[in-house]
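Numbering (the numbering used here), first residue to last: 35 to 141.
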């Protein structure tokens, strides 16, 4: 599949991030809004950990796009979902130092 339907996670074991108040909250809301109940959920502290679980077990995962596309792993295929799941970014910059234009463009 070029795009994975969120409904494809119904009844399936899935790996995702641990913190229920951040990204996982938005994943849970997207699933609940569509009445989708997954199977058992494997939660990990890092998206890279979720990718490793995918690689070792073959389960599907829902993780942030930066890690998904930025850390390719052999045998792991990345596909977008058919729905938007909110993901908030943070910016940390050194005090009293001007940001480079490329960094400023991201804010």
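All C-beta atoms in this analysis are idealised placements derived from N, C-alpha and C, irrespective of residue type, glycine included.
message: Taking the alpha helix (DSSP H) that residue 80 belongs to, which residues open and close that run?
response: Segment: none, residue 80 is in no alpha helix (DSSP H) and carries neither H nor E.
query: What residue does the alpha helix (DSSP H) around residue 136 start on, and which one ends it?
result: 135-140
- prompt: Any idea what DSSP makes of residue 118, helix, strand or coil?
  reply: coil
query: Where does residue 100 fall in DSSP's three states?
result: helix
field: For residue 45 and residue 72, the rounded distance between their alpha carbons
entry: 4 Å
message: By DSSP's criteria, residue 48 is part of a beta bridge. Which residues make up the other side?
response: 75, 94
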